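Chemist: Those sequence lines, one after another, are chains A and B. The first sequence begins at 1 in my numbering and counts up one residue at a time. The second sequence begins at 1001 in my numbering and counts up one residue at a time. For glycine and all other residues, C-beta sits at the position ideal for the given N, C-alpha and C. As the structure is a computational prediction, the values presented were derived from the model and not from experiment.
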Amino acid sequence: MTVLDDRPETAAPAPRRRPNRLLALLRNSWRQLTSMRTALILLFLLAVAAIPGSVLPQRGISPEKVNEYFVDHPDLAPRLDRIGAFEVFGSVWFSAIYLLLFTSLIGCITPRLRDHARAMRSRPPVAPKRLQRLPQHAVLPAPAGGAAAVAEVLRKRRWRVEVRGDEVSAEKGYLKETGNLLFHTSLIAVLIGVALGSWYGWSGNRLLVAGADNAFCNTRQQYAEAKLGPRVDSEDLPRFCLRLDDFQARFLATGQPEFFNARVTVDGPDEPTRSADFSVNSPLRLADASVYLLGHGYAPVIRYTDRFGRSQVSDEPFLTTGDSGLTSEGLAAFPDANVDPATGRRAPDEQMAFTGIYLPTAPQQAPFARSEYPTERNPALNLVAYRGNLGLDAGIPGSIYQLDQRQVRTGKVKEVGTKLLRKGETWTLDDGSKVEFLGTERYVTLSVRHDPGSTILLVSCGFLLVGLMGSLFGRRRRVFFRVMPADPAEGSPTGGSSLMEVGGLPRTDYPGFADEFAQIVAAVSGDERATDRADTDADSSDRAGVREGAE
Amino acid sequence: MSALSDNLVSFAILAYLVAMISHAVEYALGNARTRVAAAPVRELVGAGVGGGGASVPTPPAPVPPSGAAERSARRARIAGLVAVGATALAAVLHLAALVTRGIAADRMPWGNMYEFVLTVTFIGVAAWLVVLWKRPSLRKLGLFLTLVMVLLVATAELVLYVPIVPLVPALNSYWFVIHVSTIVFASGIFLLGAVPAVGFLMRAGYEQGKRSFPYTLAKRLPAAVSLERLTFALHAFAFPIFTFAVIAGAIWAEAAWGRPWGWDPKETWAFISWVVYAGYLHARATPSVKRNVATWLAVLGFLTMLMNLFGVNIFFTGLHSYGGLD
Ligand code: HEM
């Protein structure tokens, strides 16, 4: 606590000859900013500012929820958006708070670092004149060895000791301030780690269907979503390719997942070719990236044979709908269907598409809308056929997982039938073309990331913890001993031999100081019984209230 | 085994109820003077080894109690001992319920909110017994603690109860044990810390002469300074553990979800709690901030912990909804 009382004094510069208003203002603002009160207010603001980040959907986490919010609250949402409420943790005001806080922090610890470095080198101070004024005080017969013997006892107890003639000054517990400074410095290092990660890190998400034809290489175009830090270019991405060879999943009877494993083949210029397994909780670690398994599902393999007899195969992933039975929805589009082999011309209004619901375990009876179990116990594919202009040529980016509903609404695409297919079954459409459900492939949802700040983050978190404990549990305190010649006039109880006066000063909140003081006094006077008594007393008594004065 | 665990929880609630009632009886009968005076006398012996000890104020000599007062004081003490005994019994039943639940599930019993609350409350009560053992004079705080126990454990049993299921793979990792055990432990200590914090706020008001409703409850509580000390000691103990738990959570999140920190609602509220508790420690270390302002921050910190436990699980969906994949 005294630490704080010291601080403004040491920070105050020497008086100037000509007071400069602006300088004075700056100095005052700086002092204000680095004061504990400001730090407290900023901490509080930081906590408050984080709340909307948990209450409102955030773009970085769930962009689709943000869109929903815009639909549900058409008036409020744009206004919230303007103040950054959907990107709280990147917003100007959130950043302002933590940057101010960290400025305050730096301003706060720099002078303390300097003072502490000085204190570490300095010797314990001269004993105060009146030891009886200190919170702890005792008078006892001086031990045989005088001040030197006292110093010996203290050194054994790892005090920093200074003997000045008949006086001994000792101090202990620098660890508190060391820990405190280490902790606060680590906080800054944590922020640096986070900043490095966001500048130089990158990430991408994509689905990967099993099989050699579906392998992908680590380029920006290959990701459905990619985020590159401001200091990263597409060319900086490490070059490697991944192929999903096998995916295993085990489920409980309730449909709850129990075990996953994905086996991939890695190769590419930046990675040695090899086969590797990874899973939830144990990502695939590559040299400059990590690959995380985030999800999985089925990609139905659908073969369409058009009326000219030409076939094409689609094995696009069907996206899971979120139930435990892995009911999935998706689209198999054949924009190149029904090209007349005679003319080679594409008929833009005879493109084919099938939307479908895939049920790994279809119920025994209709409706066939929900799968009952996540593995393929009774697989069934519920298809709806569409013919017409799919709208893929118009240059409007469409989703590969959904039929463009505008084309349906405007009548450019027409529904031509629905049918439930089992594996291997064929459905002949009105124009004689055929669609077959050949089987399924597994796919996995992957996140590929690189965060160059993570090591700094981890190391600084370690220091942060160590520093925190030193700061919370360290206790700075001083004791002073003064050997006095006996005063014969006073009739001392020990009959003429010299006396020693002892004082103790805890420099930080330390309720147990009185006990420690008593133990030291006992040890110095060689009274082991007293030491024992002090030991047992330390545990059992309620000293909290009475020791208040010791602060 | 699972049914046994459920029964043990019910018995534990009963035992907490008995403890609470006994504490209330002690409270009603109690004559604060007799015991408060007893403790500091021993105190003097310790401080006075060197012969000086001048700084320790001498407590007023105990006033010899009159006959009737003495009888009611004796009864109060018996009620207090019964309360402590019932609390200890309840803690044993509580522990047994957790152990049997763990055996039945074949894993650590921290897989869902029900088990989580059950474990946090157990840590709270176990830590309380340790505090009681070290500072018997704080016993009267037990009334508030057992009240909290009854409320939370009963809420767990009546509202949050779920049958045993194994863990989803996202939770199946040794980080689960490290992260969750430390979070549970820190939460339990924070839970216990909130009790003297509230007690201090009431008692400090009472000592300043406030005699309106919540303050009068504190009439027989231990002295405000000792409550405040206990509050700080518990929070200072729990804070590094909580910090470690959050860091462990970040390490685990990196392995499971590919990022150490993603501002998922649970993470956001853990951040908020951490910042509020850091604010408490700062405020307490700042002489210019009044102790009751600082203590309010501790109470606020606990409210944010509650928000994270109940609010986030119920109102928000995030990766932490114990779903993991899909
Ligand atoms: C990023 C914001 C900050 C965080 C999260 C933080 C966190 C903490 C924590 C958890 C403690 C507790 C350790 C203890 O009680 O000894 C602490 C102590 C302390 N902090 Fe900070 N701090 C921050 C910023 C600051 C700033 C800006 C200042 C200066 C104005 C400051 C000055 C101190 C001091 C002097 C202590 C020691 C208190 C004592 O003597 O016990 N901190 N800080």
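(1) Name, going along the chain, the residues of the segment 452-474 of chain A whose beta-carbon falls closer than 8 Å to a beta-carbon of chain D.
(2) For W199/A, which residues from the same chain have a beta carbon less than 7 Å from its beta carbon, with the 5 sequence-adjacent residues on both sides left out?
(3) Give, in chain order, every unbroken run of the beta strand (DSSP E) that is at least 3 residues long and sits entirely within the segment 300-387 of chain A.
(4) Provide the residue span of the beta strand (DSSP E) that contains T265/A, from first to last.
(5) Below 7 Å CB to CB, which residues in the same chain sit around P125/A once its five sequence neighbours on both sides are set aside?
(6) Using the three-state DSSP reduction, which class does W427/A fall into: helix, strand or coil?
(7) Along the beta strand (DSSP E) that carries P485/A, what are the first and last residues, could you check?
(8) For A11/A, decide whether its Cβ has a neighbour in chain B, counting only Cβ atoms nearer than 8 Å.
(9) Is there at least one Cβ from chain B nearer than 8 Å to T254/A's Cβ?
(10) Measure the alpha-carbon distance for S35/A versus V1099/B and round it to whole angstroms.
(11) To the nearest angstrom, report how far apart S1055/B and L505/A are at their CA atoms.
(12) Give the DSSP-derived three-state secondary structure of R231/A in the structure shown.
(13) Please check the pair G297/A and L331/A, which I expect to be a contact at CB under 8 Å, by giving their CB distance rounded to whole angstroms.
(14) Might you give, ordered along the chain, the residues of its own chain that have their beta carbon closer than 6 Å to the beta carbon of S314/A, omitting 5 neighbours on each side?
(15) What distance in whole Å lies between the Cβ atoms of F1116/B and G1199/B, which are believed to be in contact at a cut-off of 8 Å?
(16) Using a Cβ-Cβ cut-off of 8 Å, state whether I1164/B counts as contacting chain A.
(17) Exposed or buried, which one is Q136/A when buried takes at least 16 other CB atoms within 10 Å?
(18) Let me make sure I understand the geometry here. Which of W1257/B, I1183/B, E1228/B and A1278/B has the alpha-carbon closest to that of L1201/B?
(19) Count the C-beta pairs between the segment 1085-1097 of chain B and the segment 1014-1023 of chain B that are closer than 8 Å, then say yes if the count reaches three, no if not.
(20) For H1282/B, does the count of other Cβ atoms within 10 angstroms reach 16, so buried, or fall short, so exposed?
(21) Could you spell out the range, first to last residue, of the beta strand (DSSP E) harbouring M500/A?
(22) What's the gap between the Cα of A369/A and the Cα of P257/A?
(23) Check the Cβ-Cβ distances between Q222/A and every residue of chain B, and say whether any is below 8 Å.
(24) Closer than 6 Å by C-beta to T103/A: which residues in its own chain qualify, once you throw out the five before and the five after it? Chain order, please.
(25) Taking a Cβ distance cut-off of 9 Å, strictly less, list which residues of the segment 1278-1294 of chain B are near chain A, in chain order.
(26) Among all the DSSP beta bridges, which residues are the ones paired with R274/A?
(27) Shorter than 8 Å from the beta carbon of N20/A to some beta carbon of chain B?
(28) Determine the DSSP secondary structure at W1128/B, reduced to helix, strand or coil.
(29) Hey, does W1026/B have any beta-carbon neighbour from chain A nearer than 8 Å?
(30) Per DSSP, which residues does Y552/A bridge with? Please list them.
(31) Suppose the cutoff is 7 Å on Cβ atoms and the five residues either side in sequence are ignored; what does the same chain contact list for Y1280/B look like?
(32) Helix, strand or coil, according to DSSP, for L175/A in the structure here?
(33) In the DSSP assignment, what residue or residues form a beta bridge with W202/A?
(34) Starting from L509/A, follow its DSSP beta bridges and name the residues at the other end.
(35) For E68/A, name the three-state secondary structure that DSSP assigns.
(36) Does the beta carbon of E1254/B come closer than 8 Å to any beta carbon on chain A?
Modeler: Answer, in terms of the structure:
(1) No chain D appears in this structure, whose protein chains are A and B.
(2) G229, P230 and R231
(3) 311-314, 328-334 and 351-359
(4) P257 to D267
(5) S169
(6) strand
(7) Segment: none, P485/A is in no beta strand (DSSP E) and carries neither H nor E.
(8) Low confidence applies to A11/A: its pLDDT is 44, below 50, so where it sits in the model is not reliable, and the reading given next is rough at best. It does not; no Cβ of chain B falls within 8 Å.
(9) yes
(10) 49 Å
(11) Residue confidence for S1055/B is low, a pLDDT of 41 falling below 50, so the modelled location carries little weight; the figure read from the coordinates is stated next. About 12 Å.
(12) coil
(13) With 8 Å as the limit, G297/A and L331/A do not qualify as a contact, their Cβ atoms being about 14 Å apart.
(14) I302 and A332
(15) That belief does not hold up - the Cβ atoms of G1199/B and F1116/B are roughly 25 Å apart, past 8 Å.
(16) no
(17) buried
(18) E1228/B
(19) yes
(20) buried
(21) L499 to P506
(22) 21 Å
(23) no
(24) none
(25) A1278, G1279, L1281, H1282, A1283, R1284, A1285, T1286, P1287, S1288 and V1289
(26) V266/A
(27) no
(28) helix
(29) The amino acid at residue 1026/B is misidentified as Trp; the sequence shows Glu. It does not; no Cβ of chain A falls within 8 Å.
(30) Because chain A is modelled from 1 through 551, residue 552/A falls outside the range shown and cannot be assessed.
(31) H1235, A1294, L1297, A1298 and G1301
(32) helix
(33) L228/A and H450/A
(34) Before going further, note that residue 509/A is Asp rather than Leu in the sequence given. According to DSSP, D509/A bridges with nothing at all.
(35) helix
(36) yes
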